[in-house]
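Residue numbers 9 to 188, in our numbering, belong to the letters of the sequence shown in order.
Notes follow once the structure below has been shown.
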Amino acid sequence: MDFVVGLPRTLRKHDAIWVIVDRLTKSTHFLPIQLGDSLDKLAELYVSKIVRLHGVPVSIMSDRDPRFTSHFWESLQRALGTKLHFSTVFHPQTDGQSEKTIQTLEDMMSACIMEFKGNWDDHLPLMEFAYNNSFHSSIGMAPYEALYGRRCCSPVCWELRDYDNWKVRSWCKKLWKRYK
Numbered sequence: 009m010d011f012v013v014g015l016p017r018t019l020r021k022h023d024a025i026w027v028i029v030d031r032l033t034k035s036t037h038f039l040p041i042q043l044g045d046s047l048d049k050l051a052e053l054y055v056s057k058i059v060r061l062h063g064v065p066v067s068i069m070s071d072r073d074p075r076f077t078s079h080f081w082e083s084l085q086r087a088l089g090t091k092l093h094f095s096t097v098f099h100p101q102t103d104g105q106s107e108k109t110i111q112t113l114e115d116m117m118s119a120c121i122m123e124f125k126g127n128w129d130d131h132l133p134l135m136e137f138a139y140n141n142s143f144h145s146s147i148g149m150a151p152y153e154a155l156y157g158r159r160c161c162s163p164v165c166w167e168l169r170d171y172d173n174w175k176v177r178s179w180c181k182k183l184w185k186r187y188k
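As structure tokens, this is what we get:
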């Protein structure tokens, strides 16, 4: 767990990304947040986006961000039965997976920032999709495949299918052109 900060504020007032990486499958969630979000709000986001989809983690590795070392966060994780592990001060490589993921996310964002026109949070779900469906040499497959045991059907697959419904076909083509 870590944060990407220093981003331009979007129309929804997001100015940071909470990056959460599963250490086993390398699957990742990119959650848009406001840097000043309360711990209550982050806890709600955590439960609604992580626990709801994946269950309660056995352990969490994070940096020593004050939000993660707070009494509230420690109490929440203790109540959930999750062990907290923190990276060593001035040695962020301890949480190397998050650092690598953040570097990839920053590369993706910088490659597309001109297209986003201040609304990078609109495109974050597709960046997460692209990341989770890209081959990772450390696990020998894409994170999606490691998590679900099968390859993901991507927009490329949509274009190859024979759709009977012209509205679906039209929508898929428009989506594909937008993100090509």
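Virtual Cβ for every residue (Gly too), placed ideally from N, Cα, C.
Option in the options with minimal Cα separation from residue i
i, options, result
"Y156", "N140, W26, S95", "N140"
"L32", "S178, G148, R159", "G148"
"L183", "S70, L88, H131, S106", "H131"
"I110", "E153, T18, F38, R86", "F38"
"N127", "A150, Q85, S142, P40", "P40"
"T112", "S162, R158, S142", "S142"
"V13", "M117, R86, R159", "M117"
Whole-angstrom distance between residue j and residue i, CA atom to CA atom
i, j, result
"D10", "W26", "6 Å"
"P74", "I68", "15 Å"
"A138", "V59", "22 Å"
"Y171", "G44", "With a pLDDT of only 47 at Y171, under 50, the local geometry of the prediction cannot be trusted, and the value read off the model is given with reservation. Roughly 45 Å between the two C-alpha positions."
"H193", "H144", "The requested residue 193 does not occur in the structure, where the chain is confined to residues 9 to 188."
"P133", "T96", "31 Å"
Beta carbon of residue i nearer than 8 Å to that of residue j
i, j, result
"V29", "S106", "yes"
"A154", "K57", "no"
Which residues DSSP lists as bridging residue i, in chain order
i, result
"L92", "I68"
"H144", "M149"
"A154", "In the DSSP output, where bridge partners are listed per residue, A154 has none listed."
"P74", "None; P74 has no bridge partner."
"I25", "V12, P40"
Between the segment 16–24 and the segment 49–60, do three or more beta carbon pairs fall short of 8 Å? no
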